[in-house]
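Residue numbers (my numbering): 31 to 1057. Virtual Cβ for every residue (Gly too), placed ideally from N, Cα, C. Computed from a prediction, not measured in an experiment: that's the story for all the values here.
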Amino acid sequence: MISKGGSEALLQTLVDTARTVPPDYDILLPLFRLLAKVGLRDKKFGQKALELEALDVTLILARKNLCDSQNLLHCLWALRVFASSVTTGAMLGINGAMELILDIVTPYTQKRTRTIRVATEVLAALLKSKSNSRRAVNRGYVTSLLRLHQDWHSHDTANTYVLIRRGFLLCLRHIVTLRSGREAFLAAQGMEILFSTAQNCLDDKSVEPVISEAIQILRQCYPKSPLPLVTASSAYTFPVPGSITPEPPRDLTEEDFEDDGDEEGDRGSNSEDVKEEDDDLETDVDKLSSKPGLDRPEEELMQYEAMCCELSCSFEELESQFEDNGNSGEIQCANHHIPAAASSKQHCLSKDQSSRGQGREETAQTSLLHMVKMGRSAVHLASRKRPVVNPYQNVQSNDLGRDSSGNEIPNTQASLKEDARDLDAIFCSRMTAFFSNSTRPRETAAVIDKLLQTHPKRIPFHDPYLYMAKARRTTSVVDFKTMAIPDLWGHCPPPSSQCMLERKRGVQRIKILEDVRRLIQPIDVVNKVVFSLDEPRPLQDTASNCLRFFSQFESGNLRKAIQVREFEYDLLVNTDVNGTQHQQWFYFEVSGMRAAIPYRFNIINCEKPNSQFNYGMQPTLYSVKEALLGRPTWIRTGHEICYYRNHYRQSAAVTGGASGKCYYNLTFAVTFPHSEDVCYLAYHYPYTYTALMTHLDILEKSVDPKQVYFRQEVLCQTLGGNLCPLVTITAMPESNSTDHLEQFRHRPYQVITARVHPGESNASWVMKGALEFLVSSDPVARLLRENFIFKIIPMLNPDGVINGNHRCSLRGEDLNRQWLSPQAHLQPTIYHAKGLLYYLGSIGRSPMVFCDFHGHSQKKNVFLYGCSIKETLWQAECTVGTSTLLEDVSYRTLPKILDKLAPAFTMSSCSFLVEKSRASTARVVVWREMGVSRSYTMESSYCGCNQGPYQCTKLLRERTKQKKSHPSTGLQGLQFGTRELEEMGAMFCLGLLILELKSSSCSHQLLTRAATLLNAEEEALDHHLQR
31 MISKGGSEAL LQTLVDTART VPPDYDILLP LFRLLAKVGL RDKKFGQKAL ELEALDVTLI
91 LARKNLCDSQ NLLHCLWALR VFASSVTTGA MLGINGAMEL ILDIVTPYTQ KRTRTIRVAT
151 EVLAALLKSK SNSRRAVNRG YVTSLLRLHQ DWHSHDTANT YVLIRRGFLL CLRHIVTLRS
211 GREAFLAAQG MEILFSTAQN CLDDKSVEPV ISEAIQILRQ CYPKSPLPLV TASSAYTFPV
271 PGSITPEPPR DLTEEDFEDD GDEEGDRGSN SEDVKEEDDD LETDVDKLSS KPGLDRPEEE
331 LMQYEAMCCE LSCSFEELES QFEDNGNSGE IQCANHHIPA AASSKQHCLS KDQSSRGQGR
391 EETAQTSLLH MVKMGRSAVH LASRKRPVVN PYQNVQSNDL GRDSSGNEIP NTQASLKEDA
451 RDLDAIFCSR MTAFFSNSTR PRETAAVIDK LLQTHPKRIP FHDPYLYMAK ARRTTSVVDF
511 KTMAIPDLWG HCPPPSSQCM LERKRGVQRI KILEDVRRLI QPIDVVNKVV FSLDEPRPLQ
571 DTASNCLRFF SQFESGNLRK AIQVREFEYD LLVNTDVNGT QHQQWFYFEV SGMRAAIPYR
631 FNIINCEKPN SQFNYGMQPT LYSVKEALLG RPTWIRTGHE ICYYRNHYRQ SAAVTGGASG
691 KCYYNLTFAV TFPHSEDVCY LAYHYPYTYT ALMTHLDILE KSVDPKQVYF RQEVLCQTLG
751 GNLCPLVTIT AMPESNSTDH LEQFRHRPYQ VITARVHPGE SNASWVMKGA LEFLVSSDPV
811 ARLLRENFIF KIIPMLNPDG VINGNHRCSL RGEDLNRQWL SPQAHLQPTI YHAKGLLYYL
871 GSIGRSPMVF CDFHGHSQKK NVFLYGCSIK ETLWQAECTV GTSTLLEDVS YRTLPKILDK
931 LAPAFTMSSC SFLVEKSRAS TARVVVWREM GVSRSYTMES SYCGCNQGPY QCTKLLRERT
991 KQKKSHPSTG LQGLQFGTRE LEEMGAMFCL GLLILELKSS SCSHQLLTRA ATLLNAEEEA
1051 LDHHLQR
């Protein structure tokens, strides 16, 4: 009907009928009803009504029928449709429509309520026009609307007229989009009025529409302010070579998706999912298929020959290198220092740690293939045997403690406080003497010895003494003098996994109202700075009741702490060194707490518009007293967690004149297990550079050099003066026969890298699992070593990790956007990693698989990103040339294998699209320039897994719930612990073996060896080959 001119015919009929004397309402009323329906489907309805003078006619009829509810209601229906167009609404405002509506809307009454409800809807539609909103402000309508809202709200005790009350608030919401509207709202005490409204009926579901609008208005009108920092730049600076161009604020990607309704509504898990942006896809076939030339002189590649000595060494040299502990010379290459490949390290292992294989003895494992055969992981089995609980949940402050085996430790509290004080004094009271003095280290070691003897807890592949020695060689921008106790003492995974936190209904609204109360009722607000990197110490009064904070240790990140109320603190994290953004990672020490008291922490300068903290993720906590009790464990903790936009804005001066960007709150409450404890809170399980270097040394000592070729060398030196390790793992040749040496030298390469983004510590835990598995006695690991050479760069950004960055290097740039044309003196780790890959390609030994381990903050599970020309063109609906384009589809095989093997992996989240914005990442550059078709990024969620075996059953969830007010339904995912992440690393390695066994080029000898070595596990292998 609309396409045939029906709208114009109806409107003309309205005008003609209205102008008859007297108007025929038997025709007009059904005509209004019909217009109200048609107008909803006709996008040009308002413009047509304006041209045919139907607006004026309808206004005249409404004025004539103010006392006739039935006729007036029909006029209002038409006006509501007319006002849905902003242009038409502005014209109605000029013609006095708002004044007419305010004559209709009266204080509380039980008469004509249907008419009043529609009138408020018409007024809300009119106020979408900015000109009408300005007119409303100038004429004092803000105060009138607030009074009407108060009157109806106070009288409507039965909540019969919720939609009328909502209508008034919807009008105000449109007005306060203007600065003048917000000023008028604040002057009329609107914050106080709506705060009272929302606070009094927060738990009443029947007034949900009213609360929703009130919260939105309160957020909109909360006065905007800059962050309480002296500068938006990082508290740390580092003089780097070359000119630094600050990284511009990046365009939001799918990772940064947020619903427009930024409130609030307790969004379901489905709202996390985001579609790929097609406009970022690379559709230039030439760019996708062309292979660029070398980015450096070819002769420079020969320097990497020294990093591949397994290709040239004789058997005798391989044996002798493990017996020689001397240091050889160094070479200078590519204007950057690279130690000679033959150089070896001095190990600082304690006498208890020196025996080979100590890690193996303490970590007797079930065969990986046996776990696969059983159809679930070891973690899942453990979870079924025990309730999924918070390991600290049942801790009581009494005189008896229990170690992780359940044995009683008498007189615990008598010694705990003293021991915690000793640790805090040594490691948290600025260990300057340890690093600069030759006498204090012996005193420190004596205290450590005493504590280790008193509280024995051997952690596999960790040695506190070696960690201390390694920490002295780690170079930081501000020369940290302190070690964090969790990193020194070590971490054991908790005995069972933890479910994702079930979000409490309305928790975000509660937190927003608490923020508003801070503004309008500041009587209990302390607003005291208790810690700051920008101000001279000491800021913290040890005699006061406030918490004490500290973050100046490796990977630490906390810039400022402000006590808001007695048990509430605003926290600000530091930006990346030499930058003004990327605030996400945090890791800090807190002490001076009281047990059984919920402390609220608000990290107020987060940048990402959404976070897994809204979908079940919790931060991590490490308690020193728990460690001394035999439970040295990082656990997930916190309740009443939510993540939402706050009132802080970055000034236009910082953004170069652009509108200031928004900041976001991560708010959570923590109830500490002990009083006067020393605890650490972190975004995710920390994994420091020193921990990596300690781990590599212990791994090297744990292997049998006659069986395992484990070579640790230096890829390059970073800008900050730290060594970037390169690890080679394979099997020693069976003998010095020609055939065995040839097989040794011709094994294909697999290249794995990780931690290019410092805040993605989960990538390091996955890498840790892969490293430990590859050197293990597992039959799969033996097969992998015997058939591949693994080149592993476990940490591509040591400087960023050390200095607590989230994403960037010391130059303030994302190293995973520098692979196209890295420079040795600016991005040394990327330059030499790429050079090594170039070298392998130049000798015909390009890796079968290249994978860069990452962490993902917006999705759950583990998944791969790969590269495909055809899939990219198909997704972009660009079919030019795809019919004749040939592409090896084997890039999909590994993720399909992992989808069957690894309980945490999901194929459904994998993507093989090549985006323009990712053209300079490792994945795309290695695929395009080195021709590695299986070039991947493996993403591990910070949060956890919501599919497969890693889910809590309803029974387990109900067991762990302390409050039964919101019963659980269905399945809920498990949060990743370090055990699950390490398992993923091992499963990735298993996937590489099955990938080779499934390939057409797999040798009969390998298949035979697999059957021989696996014996009883052969059925599991066959099972997965068939799948």
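In this structure, the beta-carbon distance from I860 to V805 does not fall below 8 Å. Cβ atoms of L96 and L102 come within 8 Å of each other, at about 6 Å. Between F579 and V555, the CB-CB gap reaches or exceeds 8 Å. Under the Cβ criterion (8 Å, minimum of three pairs), the stretch 218-226 does not count as touching the stretch 525-541. Taking F597 as reference, the option from L82, I245, N557 and I899 with the minimal CA-CA separation is N557. No residue range can be given for V786, since it is assigned to no beta strand (DSSP E) and is classified by DSSP as neither H nor E. Residue pairing of K558 in beta bridges, as defined by DSSP: Q593. In this structure, V781 lies away from L711, with their beta-carbon atoms at least 8 Å apart.
Annotation note: the stretch 220-281 contains the following uninterrupted alpha helix (DSSP H) runs of length 4 or greater, listed N- to C-terminal: 220-230 and 238-251. Secondary structure of W615 (DSSP, three-state): coil. Per DSSP, reduced to three states, the secondary structure at D310 is helical.
Ranked by how close their Cα comes to the Cα of V167, the residues C339, F62, R49 and V206 have V206 in first place. For V700, the secondary structure class from DSSP, reduced to helix, strand or coil, is strand. Ranking T504, K160, C576 and L916 by CA distance to the CA of M723 puts T504 first.
In the DSSP assignment, G1003 is bridged to Q981.
Pairing Y921 with E969 gives a Cβ-Cβ distance that is not under 8 Å. Between M1017 and the set I671, G830, N976 and A811, the nearest pair of CA atoms involves A811. With a contact defined as Cβ atoms closer than 8 Å, I671 and F698 qualify at about 4 Å.
In this structure, the beta-carbon distance from R953 to T967 falls below 8 Å.
Counting the other Cβ atoms within 10 Å of the Cβ of T187 gives fewer than 16, which makes it exposed.
A direct Cα-to-Cα measurement between G123 and Y138 gives close to 25 Å.
A Cβ-Cβ contact shorter than 8 Å links F803 with G1015. The residue among D181, Q613 and L601 with its C-alpha nearest the C-alpha of N632 is L601. Counting only residues of its own chain and dropping the five nearest sequence neighbours on each side, S163 has a CB closer than 8 Å to the CB of L157, H204, I205, T207, L208 and G211.
Taken in chain order, the stretch 64-130 contains no complete beta strand (DSSP E) segment of 3 residues or longer. Fully enclosed alpha helix (DSSP H) runs of no fewer than 4 residues occupy 828-832 and 858-872 of the stretch 822-898, in order along the chain. In the DSSP assignment, H669 forms a beta bridge with A699. Separation of V148 and S794 (C-alpha to C-alpha, rounded to the nearest whole angstrom) is 59 Å.
Using a Cβ-Cβ distance cut-off of 8 Å, the stretch 807-824 and the stretch 764-779 are in contact, since at least three pairs of beta carbons, one from each stretch, lie closer than that value.
Within the same chain, V556, K558, V560, C576 and Y599 come within 6 Å of Q593 by CB-CB distance, once the 5 residues on both sides are set aside. When DSSP states are grouped into helix, strand and coil, R958 belongs to the helix group. Restricting attention to V111, G536 and C105, the CA atom closest to the CA of S37 is found in V111.
The beta carbon of R142 lies closer than 7 Å to those of S99 in the same chain, with the five residues before and after it left out. Under the three-pair Cβ rule at 8 Å, the stretch 827-845 does not count as touching the stretch 314-324. Take the alpha-carbon of R533 and the one of G789: they are about 25 Å apart. Setting aside the 5 residues that flank it on each side, R93 is surrounded in the same chain by L130, each with a C-beta closer than 8 Å to its C-beta; the list follows chain order.
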